[in-house]
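Chains as they are written, first to last, in the working numbering: chain D, 1248 to 1582; chain B, 1248 to 1582. Below is one structure, written out as structure tokens, with a few remarks after it.
There are 2 protein chains.
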Amino acid sequence: MEQGKIKVVQYGFGPIGQACVRAVLKRDSLLLTGVIDVDPEKVGKDISEILKLNGKRGIKVQRDAEKVLEEAEPDVVLHTTQSFVPKVFDQISQCVEAGAHVISSTEELYWPHYRHPELAEKLDLLAQKHSVVILGTGVNPGFVMDTLPIALTSQCLEVNKIFATRVVDASKRRRPLQKKIGAGMTPDDFRVAVELGQLGHIGLVESLVAIADTLGWKLSRLDETIDPVIAEEQVKTPYLTVEPGQVAGIKHICRGYVDDEEVLTLDLRMYVGAKEPKDEVIIDGNPPVHAVLPGGIFGDTATVANLVNAIPRVLHATPGLRSVIDLGVPYAFLK
Amino acid sequence: MEQGKIKVVQYGFGPIGQACVRAVLKRDSLLLTGVIDVDPEKVGKDISEILKLNGKRGIKVQRDAEKVLEEAEPDVVLHTTQSFVPKVFDQISQCVEAGAHVISSTEELYWPHYRHPELAEKLDLLAQKHSVVILGTGVNPGFVMDTLPIALTSQCLEVNKIFATRVVDASKRRRPLQKKIGAGMTPDDFRVAVELGQLGHIGLVESLVAIADTLGWKLSRLDETIDPVIAEEQVKTPYLTVEPGQVAGIKHICRGYVDDEEVLTLDLRMYVGAKEPKDEVIIDGNPPVHAVLPGGIFGDTATVANLVNAIPRVLHATPGLRSVIDLGVPYAFLK
């Protein structure tokens, strides 16, 4: 790789995958060698047509992952398909068996050992066998409610409690996100959807467990609540209109306890019309640390940034299933 | 080390070294096995006497570093003596030759290749030869004006400019720091002291170069200015009184340029009576990132935290002269 460019295959060509490809094309050290997607609207088309670029790139979207991986010989696969480890297990295994590092936006893969210890173990062994790295990353999970708070604890000699809050004005986000948070539903339908497991931010529990594990905190229990944020006035977005009394979005809170004391609180509010979007971390510790990111980090772009920016670190990491923290953000050594 | 505790020697027993020892004593996984200092007031005394702890610890401050390193067999040396690489070169070499990892608060060691490429190379080779890690860290340099901004760039696909500001109310800091920033001097004496190189924050240039190097920015030039902050009203601290018109502290600004455009600005203000202490990072990028830490991270404690918290990461790092960034904070992969 020292002699040439780093060959990249994009696996999943939805909005995030397309933005990844734009970023890859802009970097001199990277060479896009293939794109995989199953969408019949995209398969067979040159990426330039889909991305509305001038001039063909000679790279067509293909459905057959095995064929692309064999022909494109990627050093790294940027993987942006689904949120759950069991659903992406085969896709990722296939990339690893083709000898490629995998950087994935799969939310559960940020801290996979909690929900899927057996699948995580299998992925780890497979990656070690093929001398590649598998990494789950993104903005949330991946940075604002886990890696950033963890990094800030590196300034502390004692950490008692951690609160992280993210308030997102979903009006500015992609249509799928607006749907995912229930914007425009009735409160009753929202409750039913929560019961059915159709709403809620995937990865919030992973973020919580990542912080606890990294700090060496043994959680006696954790819980989560998912409630609607009700619109007080009409909110229009490019995709939908929310009337007063309807659901504007979601309030998803995850709490971790040590000996029945709440030591970790992740409070995520994503709704259309949010007035003061922000990211905020408060560490009750010695010294105390308080960080506010007014406006919050813009998720769609930052997700792509986290994936692409991980490439050099992944290339230098020890083979296996790694986490962003393994790759080295500082954290508090408390015990 | 899996079977037992991590053996730690403290090299330098001033205020920071003493706070390190307190932190080491509080951690079950660490075992203090020796303390080195040259101060005749301390040599020969049990650390309990100096730290005002109940009961002797059986560890006396000793002057003879070679003897301590041989008898105490440290896994890690926490090194807090001086600010400049040439002054600590022999001390650190001695620790490395004794087979110990070194975590040092020496400011220039945060990014030593810029000012001292030959000494850095020697330290790197020596550390590799003895299979240990040498790390320079602290709060500033070490985190607030370098590692933190670098970590925040990991959220960006494009980075145009970075501004980092730290405002410290020096009234709350140690006496040596109040002296170091010129508090209580006349403006004329301050100017003379700056000319003589006696004032200014050591490490600010290192922070700037660390950011540039990590982002792959080739700086065409850099400059720095050191000016007094003049007291507008009387300020009393436990150690001194500053009258109106006298120097309250220092305004030290370092700028980095690419093709004559200012792309990096580090603005450090440390003075007694500062009204709104804070740390702040503004990244002009895509997406933009703005982080404010109201009150700022309290430096004395955080310096100690950075040293102690580095222990587990150092134990798992590749041997050699490493930086905090080598140990893995995410950064923007821009080219």
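Here a beta-carbon is modelled for each residue, glycine too, at the ideal position from N, C-alpha and C.
Rounded C-alpha distance that separates residue i from residue j
{"i": "THR1484 (chain D)", "j": "ASN1387 (chain D)", "result": "22 angstroms"}
{"i": "VAL1379 (chain D)", "j": "HIS1348 (chain D)", "result": "5 angstroms"}
{"i": "ILE1350 (chain B)", "j": "ALA1549 (chain B)", "result": "14 angstroms"}
{"i": "ARG1304 (chain B)", "j": "SER1295 (chain B)", "result": "6 angstroms"}
{"i": "ILE1477 (chain D)", "j": "PRO1524 (chain D)", "result": "16 angstroms"}
{"i": "PHE1331 (chain B)", "j": "GLY1346 (chain B)", "result": "22 angstroms"}
{"i": "PRO1475 (chain D)", "j": "LEU1446 (chain B)", "result": "56 angstroms"}
{"i": "ILE1449 (chain D)", "j": "ARG1502 (chain D)", "result": "15 angstroms"}
{"i": "ILE1473 (chain B)", "j": "ASP1322 (chain B)", "result": "40 angstroms"}
{"i": "LEU1511 (chain D)", "j": "ALA1457 (chain D)", "result": "11 angstroms"}
{"i": "SER1454 (chain D)", "j": "ILE1500 (chain D)", "result": "12 angstroms"}
{"i": "VAL1271 (chain B)", "j": "SER1340 (chain D)", "result": "43 angstroms"}
{"i": "ASP1337 (chain B)", "j": "LEU1554 (chain B)", "result": "20 angstroms"}
{"i": "GLY1383 (chain D)", "j": "MET1432 (chain B)", "result": "54 angstroms"}
{"i": "ILE1530 (chain D)", "j": "ALA1417 (chain D)", "result": "27 angstroms"}
{"i": "GLY1251 (chain B)", "j": "ILE1558 (chain D)", "result": "37 angstroms"}
{"i": "LYS1376 (chain D)", "j": "LYS1334 (chain B)", "result": "46 angstroms"}
{"i": "SER1216 (chain D)", "j": "GLY1302 (chain D)", "result": "In the structure as shown, chain D starts at 1248 and stops at 1582, and residue 1216 (chain D) therefore has no counterpart that could be examined."}
{"i": "ARG1468 (chain B)", "j": "VAL1551 (chain B)", "result": "33 angstroms"}
{"i": "ARG1420 (chain B)", "j": "LYS1522 (chain B)", "result": "14 angstroms"}
{"i": "THR1565 (chain D)", "j": "LEU1451 (chain B)", "result": "32 angstroms"}
Residue-chain proximity (residue i, chain B), Cβ-Cβ < 7 angstroms
{"i": "ALA1459 (chain D)", "result": "no"}
{"i": "ILE1529 (chain D)", "result": "no"}
{"i": "ASN1387 (chain D)", "result": "no"}
{"i": "HIS1537 (chain D)", "result": "yes"}
{"i": "LEU1272 (chain D)", "result": "no"}
{"i": "LEU1584 (chain D)", "result": "This structure leaves residue 1584 (chain D) out entirely; chain D is present only between 1248 and 1582."}
{"i": "PRO1333 (chain D)", "result": "no"}
{"i": "ASN1407 (chain D)", "result": "no"}
{"i": "PRO1347 (chain D)", "result": "What sits at residue 1347 (chain D) in the sequence shown is Ala, not Pro. So no, ALA1347 (chain D) is outside the interface."}
{"i": "ALA1440 (chain D)", "result": "no"}
{"i": "PRO1534 (chain D)", "result": "yes"}
{"i": "ALA1430 (chain D)", "result": "no"}
{"i": "ALA1661 (chain D)", "result": "Because chain D in this structure spans residues 1248 to 1582, residue 1661 (chain D) falls outside the shown range and cannot be described."}
{"i": "ALA1478 (chain D)", "result": "no"}
Closer than 7 angstroms to chain D by CB, residue i
{"i": "THR1548 (chain B)", "result": "yes"}
{"i": "CYS1403 (chain B)", "result": "yes"}
{"i": "PHE1410 (chain B)", "result": "no"}
{"i": "HIS1563 (chain B)", "result": "no"}
{"i": "PHE1260 (chain B)", "result": "no"}
{"i": "ILE1544 (chain B)", "result": "yes"}
{"i": "ALA1374 (chain B)", "result": "no"}
{"i": "ALA1417 (chain B)", "result": "no"}
{"i": "PRO1524 (chain B)", "result": "no"}
{"i": "PRO1321 (chain B)", "result": "no"}
{"i": "ALA1521 (chain B)", "result": "no"}
{"i": "PRO1396 (chain B)", "result": "no"}
{"i": "ASN1556 (chain B)", "result": "yes"}
{"i": "ALA1495 (chain B)", "result": "no"}
{"i": "ARG1569 (chain B)", "result": "no"}
{"i": "ALA1312 (chain B)", "result": "no"}
Chain-order list of residues whose beta-carbon lies under 8 angstroms from that of residue i (same chain, five-residue window excluded)
{"i": "GLN1481 (chain D)", "result": "THR1488, VAL1489, GLU1490 and PRO1491"}
{"i": "LEU1540 (chain B)", "result": "VAL1391, LYS1525, ASP1526 and GLU1527"}
{"i": "ILE1306 (chain B)", "result": "LEU1279, THR1280, GLY1281, VAL1282, ASP1293 and ILE1294"}
{"i": "ILE1297 (chain D)", "result": "PHE1260, GLN1265, LYS1289 and VAL1308"}
{"i": "GLU1355 (chain D)", "result": "SER1330, PHE1331, VAL1332, ARG1362, HIS1363, GLY1383, ILE1449, GLY1450 and GLU1453"}
Nonlocal neighbours in the same chain, by C-beta distance under 7 angstroms from residue i, ignoring five residues either side
{"i": "TYR1486 (chain D)", "result": "ARG1422 and GLN1425"}
{"i": "VAL1648 (chain B)", "result": "Residue 1648 (chain B) lies beyond the residue range present for chain B, which begins at 1248 and ends at 1582; the question has no answer from this structure."}
Beta-carbon contacts of residue i that lie in its chain and below 6 angstroms, excluding the five residues immediately before and after
{"i": "ALA1411 (chain D)", "result": "MET1392, PRO1396, LEU1513 and VAL1528"}
{"i": "GLU1405 (chain B)", "result": "GLY1532 and ASN1533"}
{"i": "ALA1319 (chain D)", "result": "VAL1256, THR1280 and GLY1281"}
{"i": "CYS1342 (chain B)", "result": "VAL1324 and VAL1349"}
{"i": "LYS1408 (chain B)", "result": "VAL1510 and ASP1531"}
Integer-rounded CB distance, given that residue j should sit under 8 angstroms from residue i
{"i": "PHE1584 (chain D)", "j": "ASP1284 (chain D)", "result": "The first residue shown for chain D is 1248 and the last is 1582, placing residue 1584 (chain D) beyond what the model contains."}
{"i": "GLN1265 (chain D)", "j": "LEU1325 (chain D)", "result": "11 angstroms between Cβ atoms; not a contact."}
{"i": "TYR1518 (chain D)", "j": "ILE1428 (chain D)", "result": "7 angstroms"}
{"i": "VAL1290 (chain B)", "j": "VAL1308 (chain B)", "result": "5 angstroms"}
Distance cut-off 6 angstroms: residue i Cβ against heavy atoms of the ligand NAP
{"i": "ASP1470 (chain D)", "result": "Among the components modelled here there is no ligand, and therefore nothing to report on the ligand NAP."}
- Should the stretch 1388 to 1401 of chain D be regarded as contacting the stretch 1529 to 1544 of chain D, the criterion being three or more beta carbon pairs within less than 8 angstroms? yes
- Item | Stretch pair the stretch 1303 to 1321 of chain D + the stretch 1275 to 1295 of chain D: three plus CB contacts closer than 8 angstroms | yes
- Counting Cβ pairs, one atom from each stretch, are 3 or more of them under 8 angstroms apart for the stretch 1545 to 1561 of chain B and the stretch 1356 to 1373 of chain B? no
- Message: Contact between the stretch 1428 to 1441 of chain B and the stretch 1562 to 1571 of chain B is defined here as three or more beta-carbon pairs at a separation below 8 angstroms; is this criterion met?
- Response: no
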